[in-house]
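Here the structure is laid out as structure tokens; the discussion comes afterwards.
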Ligand code: IPE
Ligand code: IPE
Ligand code: MG
């Protein structure tokens with residue numbers, strides 16, 4: 168079965184560190200290492216798109232110290248990972264409400280996106296300040312600006328709905344691929360936490376109790392094998 172778009176909710180960093188009697192930040196640091204490992208593995212597996220949930224629009228609710236640490240960790244990641252992306256032919260793209268991030272982060276994001284724009288292997292979407300409701304609302308606003316609703320109203324009802332759906336899909340942050348084939352969440356929680364709500368309409372869902380810092384290519388390989396055995400019907404028979 169074709170796996171074009173894999174998405175992962177990387178959860179459990181804090182609990183992993185707490186269980187070791189360490190500060191939550193220790194878990195985030197370890198988590199960043201797993202990001203590198205999993206990204207390289209996916210590039211090697213010829214997966215086309217890998218979307219990783221790194222910071223949600225709701226994560227600003229965390230204590231200031233933790234948020235600041237995560238932003239610093241992101242800066243560090245963007246400053247140190249370029250070589251890995253180039254060596255593995257990976258294109259880096261950030262999805263989410265980028266304007267809500269610091270100017271410094273925005274600059275680093277642009278630099279890494281520009282530097283990897285011509286890579287032709289895996290595309291990694293890193294979800295930063297990402298929330299699906301925010302993404303859909305931004306998409307609707309841009310449709311409004313472009314007069315899409317006026318156009319839609321001049322069509323027959325069914326056509327107008329299809330027209331709006333197509334236009335939403337074409338303006339989502341993930342527009343070049345749209346649907347998620349497989350969604351994995353680590354850390355044991357069984358919820359989507361405002362991640363890719365539209366794109367996961369027909370995604371196969373896998374939840375694992377493994378905390379993100381303990382997740383690895385072996386477990387991912389097992390999930391990919393189980394995914395291949397799923398019968399995807401998309402409402403048909
Ligand atoms: C996921 O791990 C990373 C981010 C949300 C940034 P958590 O920080 O949510 O770790 P837990 O779920 O509290 O263990
Ligand atoms: C989801 O994890 C967000 C990311 C992995 C970036 P959270 O830890 O924020 O989710 P909740 O709060 O448990 O739903
Ligand atoms: Mg969590």
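Numbering (the working numbering), first residue to last: 168 to 404.
Every residue gets a Cβ at the ideal spot worked out from N, C-alpha and C, and that includes glycine.
- At a cut-off of 3 residues, the continuous stretches assigned as beta strand (DSSP E) that sit fully inside the region 204-239 are 216-223.
- Measuring C-alpha to C-alpha distances from residue 185 to each of 262, 224 and 378 identifies 378 as the nearest.
- When C-alpha distances from residue 236 are compared across 356, 221 and 248, the shortest belongs to 221.
- Here residue 190 has 184 as same chain residues with Cβ atoms under 8 Å from its own Cβ, once five neighbours each way along the sequence are excluded.
- For residue 178, the shortest separation between its Cβ and any heavy atom of ligand 3 lies below 7 Å.
- Proximity of the beta carbon of residue 198 to ligand 3 is not indicated: no heavy atom of the ligand is located closer than 7 Å.
- Contact between residue 349 and residue 394 is confirmed by a C-beta separation of about 5 Å, below the 8 Å threshold.
- Residue 262 is bridged by DSSP to 294.
- DSSP places residue 248 in no beta strand (DSSP E); its state is neither H nor E.
- At the C-beta level, residue 298 and residue 223 come within 8 Å of one another.
- The continuous beta strand (DSSP E) containing residue 174 extends over residues 172-176.
- Excluding five sequence positions before and after residue 355, the CB atoms of its chain that fall closer than 6 Å to its own CB belong to 376, given in chain order.
- A distance criterion of 7 Å places the beta-carbon of residue 186 beyond contact range of ligand 2, judged by its closest non-hydrogen atom.
- Within the model, the alpha-carbon separation for residue 177 versus residue 325 is close to 38 Å.
- In terms of Cβ geometry, residue 339 and residue 330 do not form a close pair [threshold 8 Å].
- When distances are taken from the beta-carbon of residue 259 to the heavy atoms of ligand 2, even the shortest one reaches 7 Å or more.
- Here the alpha carbons of residue 216 and residue 344 stand approximately 8 Å from one another.
- Residue ranges of uninterrupted alpha helix (DSSP H) with 4 or more members, entirely inside the region 322-359 and ordered along the chain, are 324-336.
- When 268, 305 and 253 are compared, the shortest CA-CA separation from residue 206 is found for 253.
- Annotation: residue 168 to residue 231 spans about 44 Å, alpha carbon to alpha carbon.
- Assigned with DSSP and collapsed to three states, residue 382 falls in coil, not helix or strand.
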